[in-house]
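The next block holds one structure in the form of structure tokens; read it before the comments.
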Amino acid sequence: MIIQSDRIITKLDRITLLAGAVVIKYGRIHDVGKAATMMRKYPGHRVIRLEQAVVMPGLVNVHTHLELPLLLDHIRAENYTDWVLNLLEEKKRFTRNDYTAASHRNIASLIRSGTTTVAEICSHNASPAALSQSGLRAVIYQEIISMERTPRTVTFPRRGRSSPLIRFGLSPHSPHTVSEAVLNVVRSYADRKRLGLCMHVAETRDELLLFQRKKSGLERLYAAAGWDMTLAPKARSSFELLRRIGILNPAFLAVHAVHADDQDIALIKRSGAGIAHCPRSNHEIGVGTMPLRKFLEARIPAGLGTDSLASSPTLNLWDEMRYALRVHRRSGVTPQDIFHMATLGGARALGMDREIGSLEPGKQADIIAVPLPRRNTGDLYSDLLRETKNCIMSMVNGKIIYKEHAS
Ligand SMILES: [Zn+2]
Numbered sequence: 000m001i002i003q004s005d006r007i008i009t010k011l012d013r014i015t016l017l018a019g020a021v022v023i024k025y026g027r028i029h030d031v032g033k034a035a036t037m038m039r040k041y042p043g044h045r046v047i048r049l050e051q052a053v054v055m056p057g058l059v060n061v062h063t064h065l066e067l068p069l070l071l072d073h074i075r076a077e078n079y080t081d082w083v084l085n086l087l088e089e090k091k092r093f094t095r096n097d098y099t100a101a102s103h104r105n106i107a108s109l110i111r112s113g114t115t116t117v118a119e120i121c122s123h124n125a126s127p128a129a130l131s132q133s134g135l136r137a138v139i140y141q142e143i144i145s146m147e148r149t150p151r152t153v154t155f156p157r158r159g160r161s162s163p164l165i166r167f168g169l170s171p172h173s174p175h176t177v178s179e180a181v182l183n184v185v186r187s188y189a190d191r192k193r194l195g196l197c198m199h200v201a202e203t204r205d206e207l208l209l210f211q212r213k214k215s216g217l218e219r220l221y222a223a224a225g226w227d228m229t230l231a232p233k234a235r236s237s238f239e240l241l242r243r244i245g246i247l248n249p250a251f252l253a254v255h256a257v258h259a260d261d262q263d264i265a266l267i268k269r270s271g272a273g274i275a276h277c278p279r280s281n282h283e284i285g286v287g288t289m290p291l292r293k294f295l296e297a298r299i300p301a302g303l304g305t306d307s308l309a310s311s312p313t314l315n316l317w318d319e320m321r322y323a324l325r326v327h328r329r330s331g332v333t334p335q336d337i338f339h340m341a342t343l344g345g346a347r348a349l350g351m352d353r354e355i356g357s358l359e360p361g362k363q364a365d366i367i368a369v370p371l372p373r374r375n376t377g378d379l380y381s382d383l384l385r386e387t388k389n390c391i392m393s394m395v396n397g398k399i400i401y402k403e404h405a406s
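Numbering-wise, numbering that gives the first Met the number 0 puts 205 at position 206 of the sequence shown, and it's gapless, one number per residue.
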């Protein structure tokens, strides 16, 4: 199959201008180049011509909880602890069917907006089945919350059927909701089974205050959950704790990292771990602004995540990109940086950059087409970020999973 278009973004800073083509064979990108050359070189192939479109790598959304429906307006709070307590209260009325219905709805919205790979945290065993039916590429981390002192009862979830598009990992929720003893068990299990780990880390300053044995809002969370405060770890910082446990490595994805100082950033850099940045969620929960520029300068693998509809208004990664640019532009972050985070950067953060994230021969054919921006300022990334809402076409593994209906 050959996809032909006005403009093709193969990789950052390498734009095939006007009339390019991507050649796809057996689910992979076989060749990329000028349309005329590709047509000559590969005669007799099925050709899809996309007019007034930009063809580009599919978006990588590195952090979601797809089982949650839109809750933001009901549970919005003044601080992190109240937001968590409101969420737990709200969840009491949900059934398994609600989580399944939300997963399907949310996946449809991811696909429509051009996400082709998603990193999902599963808490209610509903999103894996929905994802495996969807045609999306996914990393599914099973959530673990446990403050046990002697972790005899940590049960690791059974993994679903294997699929070439889905890989599994584990998500100990956060250093303040999983005891150090349990984290040690999770780490050795993940090492043995070669599973990726994902964790909310340093999202709120309260986590640091708790670990430094200062007053934080988290006492109320511990009281509500019936947890022993003495089981909360002691550490200079959340990342220092994770280093001590031996959990920081290239298979680790740290979500949020809002309260990471220069020492933490150096630790993360040395470890090879990746970062998921969710600026709209950080804003809605009021936890502060993540020092993105420093992470990018340190060349730490960093992607963008929408987080869930309990802390973000949409699952559209273009909305997240726009917001990220607005928040970080003054610190020197560019539209190209944001575009990179939403594609190859996210792939790197998930350890998948050899497979996806750019349109290069040998990579999986995860490709989207979006409308060519109406305004042309000469900076295509900036124009795309300003105007793009949804895609025209989405392909994962060489298979078209979405096509916009002609209106
Ligand atoms: Zn999250």
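Each residue gets a CB set at the ideal place from its N, CA and C atoms; glycine is no exception. These numbers come from a predicted model, not from an experiment.
State the DSSP-derived secondary structure class of residue i, mapped to helix, strand or coil.
i           : result
residue 406 : Reliability fails at residue 406, whose pLDDT of 46 lies under 50, so the model's placement of it is uncertain and no value is given.
residue 338 : helix
residue 332 : coil
residue 74  : helix
residue 259 : coil
residue 213 : coil
residue 87  : helix
residue 145 : strand
residue 267 : helix
residue 322 : helix
residue 178 : coil
residue 310 : coil
residue 389 : coil
residue 233 : coil
residue 188 : helix
Go through its chain and collect everything with a Cβ distance to residue i's Cβ below 7 Å, but skip five positions before and after it.
i           : result
residue 240 : 174, 210, 232 and 234
residue 37  : 1, 20, 22 and 30
residue 360 : 28, 29, 30 and 31
residue 334 : 324, 378, 380, 381 and 384
residue 294 : 264, 274 and 301
Let's see if you can read the secondary structure: which residues bound the beta strand (DSSP E) around residue i?
i           : result
residue 393 : 392 to 395
residue 407 : No answer is possible for residue 407: it lies beyond the span of the chain, which begins at 0 and ends at 406.
residue 58  : 58 to 63
residue 302 : 301 to 303
May I ask you to list the residues that DSSP assigns as paired with residue i?
i           : result
residue 370 : 52
residue 24  : 27
residue 197 : 252
residue 137 : 117 and 165
residue 33  : 19
residue 47  : 2
residue 399 : 394
residue 171 : 143
Whole angstroms are fine: how far does the CA of residue j sit from the CA of residue i?
i           : j           : result
residue 113 : residue 77  : 33 Å
residue 249 : residue 395 : 25 Å
residue 131 : residue 287 : 35 Å
residue 355 : residue 246 : 25 Å
residue 387 : residue 342 : 15 Å
residue 207 : residue 184 : 23 Å
residue 336 : residue 358 : 17 Å
residue 137 : residue 347 : 14 Å
residue 403 : residue 49  : 12 Å
residue 40  : residue 364 : 19 Å
residue 3   : residue 190 : 44 Å
residue 52  : residue 329 : 30 Å
residue 284 : residue 187 : 33 Å
residue 406 : residue 147 : Residue placement at residue 406 cannot be trusted, given a pLDDT of 46 that sits under 50; what the coordinates show is reported in the next sentence. Cα-Cα distance, rounded: 56 Å.
residue 122 : residue 316 : 22 Å
residue 256 : residue 93  : 30 Å
residue 110 : residue 128 : 16 Å
residue 145 : residue 223 : 14 Å
residue 118 : residue 44  : 34 Å
Give every residue of the same chain whose Cβ lies closer than 6 Å to the Cβ of residue i, excluding the five residues on either side of it in the sequence, and list them in chain order.
i           : result
residue 373 : none
residue 345 : 59, 61 and 302
residue 278 : 322, 323 and 326
residue 307 : 64 and 67
residue 99  : 125
residue 203 : 79 and 286
residue 369 : 53, 387 and 390
residue 392 : 368 and 402
residue 254 : 62, 199 and 275
Check for me: the alpha helix (DSSP H) holding residue i runs from which residue to which?
i           : result
residue 132 : 126 to 133
residue 114 : Run containing residue 114: none in the alpha helix (DSSP H); it sits in the beta strand (DSSP E), 114 to 121.
residue 1   : Per DSSP, residue 1 belongs to no alpha helix (DSSP H); it is in the beta strand (DSSP E), 1 to 10.
residue 358 : That residue, residue 358, is in no alpha helix (DSSP H); it is neither H nor E in DSSP.
residue 101 : 95 to 111
residue 345 : 345 to 348
residue 292 : 291 to 296
Residues in its own chain within less than 8 Å of residue i by CB, not counting five upstream and five downstream?
i           : result
residue 382 : 372, 374, 375 and 376
residue 299 : 264, 267, 268, 272, 273 and 274
residue 26  : 363, 364, 396, 397 and 398
residue 33  : 15, 18, 19 and 20
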